[in-house]
Amino acid sequence: MQQAVQTRDARPATSLRRKAAAYVALTKPRVIELLLVVTAPTMILAADGLPDLWLLVATLIGGAMSAGSAGAFNCYIDRDIDRLMKRTKNRPLVTGELTDRQALVFAYALGVASIAWLWVFTNWVAAALSLAAILLYVVFYSLILKRRTAQNIVWGGVAGCMPVLIGWAAVTGSLDWAPVILFLIIFLWTPPHYWPLSMKYKDDYAAAQVPMLAVVRGRAQVGLQVILYTWATVACSLLLIPVADMGLVYTAVAIVVGGWFVYETHRLYGLAIRHVEVSPMRVFHGSIVYLSLLFLAVGIDPLLPF
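Numbering (the numbering used here) for the sequence shown: 428 to 733.
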């Protein structure tokens with residue numbers, strides 16, 4: 428009997444944990460992690476040293492809530508196609524862990540909270556940029572572009588570039604050429620990051636009738652586009668050196684990891700045109716390593732005397 432009581436007591440706690448985990452999954456935590464990776468170094472560069480610790484923490488919290496809101500809206504909008512794709516079959520609205528209404532209310536509440544938080548604890552410029560990021564991802568990408576054009580991820584990727592502008596504005600209250608260059612780096616990096624993933628899940632996107640480039644073009648064409656955008660990304664990363672007066676650490680990292688990223692994309696293209704088995708996820712994961720190391724250098728460089 429005692430065991431039965433303990434079992435009944437454990438059920439509400441287990442259910443609560445599952446519900447909380449489902450809400451967290453709505454926010455797409457891995458995307459949030461990547462966005463925060465670029466925000467903190469940008470703030471260090473903007474401050475030309477370590478920014479105020481509370482400002483840094485407040486900006487990261489607000490940025491995480493903003494990105495989480497956009498992710499939750501996206502899960503709500505894409506719930507129909509998520510049911511058709513193996514990659515997204517475990518999302519909360521597909522499994523029924525959360526209702527559509529719960530997801531929508533959560534997305535709105537988190538979005539409003541993120542804008543209010545940034546307005547109170549940073550400044551109105553960062554808050555306005557946060558609102559723009561949510562609208563770009565939800566309206567421009569999810570509602571307008573994603574199901575209509577193979578260039579969806581190119582222009583839809585603008586939303587993913589906004590954290591560097593938010594981070595810079597949180598420190599300075601304005602924008603400059605340096606955050607614009609950082610914005611362009613992420614903008615140009617997004618296609619060679621995401622298109623290899625779409626190659627891996629080509630059948631998923633085709634089943635959901637989402638016109639990703641890998642669905643409407645052959646592997647060789649996707650590989651060529653990945654190369655072109657990667658070269659542009661690396662060139663843009665080098666442009667930051669004179670614009671932001673970057674030092675030896677950033678310069679060395681940008682050249683070395685940029686060269687490695689270019690090599691990996693050329694390798695993918697070479698395999699594609701020879702019609703042999705390709706490994707697009709190698710480029711996908713490599714792109715994350717590239718961006719992480721590049722922005723790590725952005726954050727370390729201002730702290731060094733050379």
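Here a beta-carbon is modelled for each residue, glycine too, at the ideal position from N, C-alpha and C.
With 16 other Cβ atoms within 10 Å as the buried cut-off, status of residue i
i: L690; result: Sequence inspection shows Tyr at residue 690; the Leu mentioned does not correspond to that position. Label assigned to Y690: exposed.
i: G495; result: buried
i: F733; result: exposed
i: S807; result: Residue 807 lies beyond the stretch modelled for the chain, which goes from 428 to 733, so this question has no answer here.
i: A448; result: exposed
i: G476; result: exposed
i: V653; result: buried
i: T526; result: exposed
i: V532; result: exposed
i: T441; result: exposed
i: G489; result: buried
i: L483; result: buried
Three-state secondary structure assigned by DSSP to residue i
i: F567; result: helix
i: L602; result: coil
i: N550; result: coil
i: L651; result: helix
i: L702; result: Looking at the sequence itself, residue 702 is His, so the reference to Leu does not match. Correct three-state label for H702: coil.
i: T486; result: helix
i: G584; result: coil
i: G674; result: coil
i: T454; result: coil
i: A499; result: helix
i: N579; result: helix
i: D728; result: helix
i: Y717; result: helix
i: F733; result: coil
i: M470; result: helix
i: T526; result: coil
i: A449; result: helix
Proximity of residue i and residue j at Cβ, strictly below 8 Å
i: A647; j: I700; result: yes
i: R445; j: E524; result: yes
i: L721; j: A681; result: yes
i: V676; j: P590; result: no
i: L592; j: L651; result: no
i: A596; j: A553; result: yes
i: A530; j: Y503; result: yes
i: L695; j: A605; result: no
i: P619; j: V710; result: yes
i: L667; j: P468; result: no
i: R506; j: A452; result: no
i: S664; j: I612; result: yes
i: G587; j: L487; result: no
i: N550; j: G600; result: yes
i: V426; j: I608; result: Only positions 428 to 733 of the chain appear in the structure, and residue 426 is not among them; the question remains open.
Cut-off 6 Å between Cβ atoms - residues of its own chain near residue i, not counting five sequence neighbours on either side
i: P478; result: M470 and V598
i: F548; result: A485
i: V585; result: L563
i: R740; result: Here the chain covers residues 428 to 733 and nothing more, so residue 740 does not appear.
i: P638; result: A577
i: N391; result: Given that the chain is displayed from residue 428 to residue 733, the structure contains no residue 391 and the question cannot be resolved.
i: L698; result: V705
i: V643; result: A577
i: K455; result: G498
Cut-off 7 Å between Cβ atoms - residues of its own chain near residue i, not counting five sequence neighbours on either side
i: W616; result: T660, S714 and L718
i: V649; result: W622, M626, L640 and A641
i: M492; result: L537, A540, S541 and W544
i: V684; result: Y717, L720 and L721
i: D728; result: M673, G674, V676 and Y677
i: L731; result: G674 and V676
i: A534; result: S496, A499, F500 and Y503
i: V458; result: A494 and G498
i: Y656; result: L615, P618 and P619
i: I508; result: A635 and V637
i: W658; result: V689
Close-in-space but distant-in-sequence residues of the same chain around residue i (CB under 8 Å, 5 per side omitted)
i: M708; result: P623, L624 and K627
i: Q582; result: The question names Gln, but residue 582 in the sequence shown is Trp. Closer than 8 Å at the Cβ level, and outside the excluded window around W582, lie F567, Y568 and L572.
i: R510; result: K516 and V521
i: K513; result: Y628 and D631
i: G686; result: V661
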